[in-house]
Every structure is written in structure tokens, then in C-alpha cells.
């Protein structure tokens, strides 16, 4: 009997993971003393020179360090030494606030664009020009006007989350089936009730898809934004650890960024499934 | 005439220079089921949409119960060809949506009770919690019928309601609709392509010529008894006279009607009424007078 597809896929996944870790380990392990040298000098040079150990940390170093971080995620020893949990919390909070503000703007405006062909045509040139701007390009302008680095980061998240949600909402609203709208018309349903009972549920899957794209982009952008504004956040942590030349911590940060991004996407995917209706 | 409950008065529909139909006059009595038969593109659906208030005529007006139609109304329920159920709502939710639209002040319990009556009426008891995607085509259309009936409309408008169904389901649903219309005295207007369906269901069958420039050619006053049953309706001596008359019209005369009428007086306000199989000179004049 063949095991289920899920099981076989899991086995292959584990195999790939183990192979990768093994290769990583072999590539970064020490290859023994390279040359004889004065012990005093060897002490100064460290294991990289004396045992041919790569400057790149191996999986065991990363694992040990990760364990250390996970045991104490929320310590705070001053500005440049905070637990990785605190840094992640800052980033998630910034993304959350910027993203939430974007939802508040994008969905009503998207509704307006979707329901009114006039507004659709009128706003289209602005959206087309604003959409392709890299969100980080707004950063100097935000810093200058808002005069607060944390809020500027939030603004950057806001501006980058806005467009996919707005465009998807407009598309979803405009694509609501005519027959459903006709049902509402023959039942003399008012505009507001129609918006909430027909258009919103009909467009919800498309809107949620836009929201899912937005959260992905927001999480991509926050790392770069925090590298620029500094102070707190996982993006700042990455850059700070690079300045500390702690490649181990950089790798750990990369892994954590990936996991949080996946979780955010998972939440939105669940929400999308909740509002999706089979036809 | 006073017994005209619905009166279509000289409506026209034009798109640019193309005239789909114009100068269309038709009266319908209360409690009567009128079927319109015609080829695709003759504007049947447009007529129905105008009756529903979903479309506006380029000319003319429709009077229902003494009032001109101005937009859609809860007095006129539509059963859509594609059933048009809201897929995110359950059977109960779909019917309740209509009920709560008509009676805005109803409590949840009142809405559910009213919806339940009509869900039971169309034989969907037990399926209240199902979503449209879990229903068969026939069941979906039953929900559509329940939704239309639940608001207790003055008129039911049906746009080829059974055309997407298989023959067996179609037959059962025709029986249901006929039973419901007879027992509730529902006035109904229906578009169909199916001659047998029209003969079985309709009191009067309106024959429409091909578009563009379509017009109402004749009204067939169904001579079959009111208490006809599906099982033996086709054995009635007049059945094939009616059927042949309609098929002749659809196959030949719907195209050549304009030529047929050249030189003869044709008054669109007084569409000739025929009773196929019934001796012409006794029935035609008074039937024609009735419609006028």
C-alpha cells in the first residue's frame, strides 16, 4: 500500500532539510590546524585561522544561539541589546497599525471605485502612478513631515499595503454578478443594505485576497524600513547584528522573519477560506 | 377595459437605430397566467425586465393595478432563469432575505416563520440549512420560486424558469407552479421556449414575431379545461390543434408574419385572439373584444 501523499511529501521535506543541514555543517566545519604557529598568535587569530574553521557559523552554532534566544526572548538590556521577541513584537505592531490604517482607507475607497465608473476613471491615473512607487521612496518625505521615525515606518507600511487591497476591492465590487444586484433591486433593497448584504459578501473573497497580498508586502517592507529608521524592530536587529559581525544572529533573524511572515499569511489564508463560498 | 390588471401600453425598446420592438400592447387579467413564446432576440426578456422594472422602455408605459411602473417593486417578484440565489446564504437565508426586505419590521422569528411557509410549499422542508452549492438544479429553482412567492407579490414574472432543468425535474416543477398559481390565484407572466410547457401552464399564450421590429402577432386563448392534468393533457382533443398552431407559428409564420399582414389591417392595440380547434366565427370576435 502506498502511504498518503501528505506523508510522502513530509518525508521528502525532511530529507531535503536534513541534506541541507548536513551540507551546511560539512561546509562550515573546521578542517584541522592549517599551520603551525605561535600559540600566543594563534590565540589572537581565533579558530578561523588555527583550525581552518569557516567564519560562517554552522547549523550547530545557529541552533545553540537560537535556543538561547528562545529561552529569553524578551530581555531588555538597553537600546542595543533587546530580546529577539521584543524586536519581533515591535515589527509586528508597526505592520499591524499601518496595515489596519490601510484597511480603513483602502476598502471604502475600493468600494467607491468599484461602484462608481466615474470615480474609477477619475482615480485611475493617480493609482497607476502611486502604485509602482517603492514604499521606501516615501521614507524621506515621511521623516520630514511626520518627524518621528517610528511613525514614518508605520506610514511606509500603510502606503505599501494600500494598493493591492484597494485595487482588489474595486475589482471585486465591480465584478459582483448582475443577477445578484437584480435580486436586490427587485426586492427594493436600499443602497447601504445592498452594499453590506450583497456586494460585501460577494466581493469578500477578492477583497481578502488583496489583503493577503498586502500583508505579505507589508512584512517584506518592514524589515527594510526598520533598517533605515533604526532603534527597534527585527529589521534593525538584522542590521545591528551585521554591524556586530554576528552572522549567527543574522541567520536567526532571517529564519524568524520567514516564520512570522508565514504565520501572517496563514492567518489571512484562513480568513479568506471563511468568506469564500462555493457556487 | 376594467379587468386589465396589467396593461402594457405601447412600449418600445430601441438601441440606437435598432428597434427591438415597438408599439406593443397587451392586457393581462388578475389571476391569469400568460406565457410569451417567440424566438431568441425578439425581446421577450426585455419585456419581462420592463415589467419587473429592471429595464425602462424607450417609449410607452406599463400600468399595474392602476399605477405606472417606476422601477422595481416588491409587488412584482422575478424568478430568474439562472435562479440567482445568493451562494453565501442558506436556503432559509435566501428566502428570509426576501421576506426581511418586504417586511422590514418583522422580528427574526416572524421572518423565519414566513420563509418556512414557502420553503414547505415548494417541498424543500428539511433543506433549510443547505447552501445553494449543495442543491441540485431543480432544488435551486425551487428556492428561487419560494423566494419569489414569499413576498406575496401581485405578479410573478418568470424568465424561462425551467429551461436549465432536466425534463423530469421540469415536469415536477411545472406541476408545482401550476398548483401554486391556481390555489393562490397568482397572476403570472412567463417566458418560455417550450410549447408543451406553455399549453400546460398558460391561460393565454402570446406569440411574438422575430426581432428586430418584433410584434405580438396573436394571442392563443388556451381552450383546454382549467382542471387539466399533466397525465392526460396531451390526450385532449384540442391539444394538438393548439400545439400545431403554435409550432406552425414558430417555424413559419414568426418569420413571415410581416409579409402575411401586408395589405391587411393590423392594429397593435387589438392583437387578434385565436382559439385553435374551436370553430372560428363563434369564438374569435368575442374573444378579440375581450382583450380589447
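Chains as they are written, first to last, in the working numbering: chain Z, 1 to 279; chain S, 1001 to 1292. Where is the CB? At the ideal position from N, CA and C, for every residue including glycine. It should be emphasised that the depicted structure is a prediction, and the values quoted were computed from it without experimental measurement.
query	result
Euclidean distance between Cα positions of residue 1284/S and residue 1119/S	Reliability of the predicted coordinates at residue 1284/S is poor, the pLDDT of 44 falling under 50, and no value is obtained from them.
Where residue 1286/S sits in the DSSP three-state scheme	Note that residue 1286/S has pLDDT 45, beneath the 50 cutoff, so the model's placement of it is unreliable and the number below is only indicative. In the structure shown, residue 1286/S sits in a helix (DSSP, three-state: H, G or I).
Residue range of the alpha helix (DSSP H) that includes residue 126/Z	117-130
Alpha-carbon spacing of residue 159/Z relative to residue 192/Z, whole angstroms	28 Å
Burial state of residue 196/Z (16 or more Cβ within 10 Å)	exposed
Within-7 Å CB hit, residue 1064/S to chain Z	no
Distance, residue 94/Z Cα to residue 146/Z Cα	15 Å
Neighbouring residues, chain S, relative to residue 243/Z (Cβ below 8 Å)	In chain order: nothing, as chain S lies at least about 52 Å away.
Backbone CA spacing between residue 20/Z and residue 244/Z [nearest angstrom]	27 Å
Same chain, Cβ closer than 7 Å to residue 1018/S, neighbours up to 5 away in sequence not counted	1212
Ranges of the alpha helix (DSSP H) found wholly within the region 1022-1106 of chain S, counting only runs of at least 4	1044-1052, 1091-1102
Any chain S beta carbon closer than 7 Å to residue 273/Z	no
Chain S contact for residue 278/Z (CB, 7 Å cutoff)	yes
Residues from the region 1093-1105 of chain S in contact with chain Z, defined by Cβ distance under 8 Å	1097, 1098, 1101, 1102
Residues of the region 162-182 of chain Z whose Cβ lies closer than 7 Å to any Cβ of chain S, in chain order	179, 180, 182
Coil, strand or helix - residue 261/Z by DSSP	helix
Interface flag, residue 280/Z vs chain S, CB-CB below 7 Å	It is not possible to answer for residue 280/Z, since the shown part of chain Z is limited to 1 through 279.
Reference residue 230/Z, options 80/Z, 36/Z, 11/Z, 71/Z, closest by Cα	80/Z
Meets three-Cβ-pair contact criterion under 8 Å: the region 223-240 of chain Z and the region 248-258 of chain Z	yes
Buried/exposed call for residue 67/Z, threshold 16 Cβ in 10 Å	exposed
Extent of the continuous alpha helix (DSSP H) run through residue 1120/S	1108-1121
Backbone CA spacing between residue 1093/S and residue 233/Z [nearest angstrom]	47 Å
Distance, residue 212/Z Cα to residue 54/Z Cα	40 Å
With 16 other Cβ atoms within 10 Å as the buried cut-off, status of residue 1286/S	Annotation note: pLDDT 45 at residue 1286/S (below 50); position unreliable, coordinate value reported separately. Exposed, since its Cβ has fewer than 16 Cβ neighbours within 10 Å.
Residues in the region 1240-1263 of chain S having any Cβ partner in chain Z nearer than 9 Å	none
Contact list for residue 185/Z against chain S, beta-carbon separation under 7 Å	1054, 1072
Unbroken stretches of the alpha helix (DSSP H), 4 residues or longer, contained in the region 1202-1268 of chain S	1239-1248, 1254-1261
Straight-line Cα distance separating residue 176/Z from residue 1106/S	28 Å
C-beta neighbour in chain Z for residue 1291/S, strict 7 Å	Since pLDDT at residue 1291/S reaches only 43, below the 50 mark, its modelled position is unreliable, and no value is offered.
Cα-Cα separation, residue 1274/S to residue 1221/S	6 Å
Cβ-based burial, residue 1049/S [other Cβ within 10 Å; buried from 16]	buried
Inter-residue spacing [alpha-carbon to alpha-carbon] between residue 215/Z and residue 265/Z	7 Å
Exposed unless 16 or more other CB atoms sit within 10 angstroms - verdict on residue 104/Z	exposed
Where the region 1078-1089 of chain S meets chain Z: residues whose CB sits under 7 Å from a CB there	1078, 1080, 1082, 1084, 1086, 1087, 1088
Simplified DSSP assignment, three categories, for residue 237/Z	helix
In DSSP terms, what residue 1189/S is bridged to	1034/S, 1157/S
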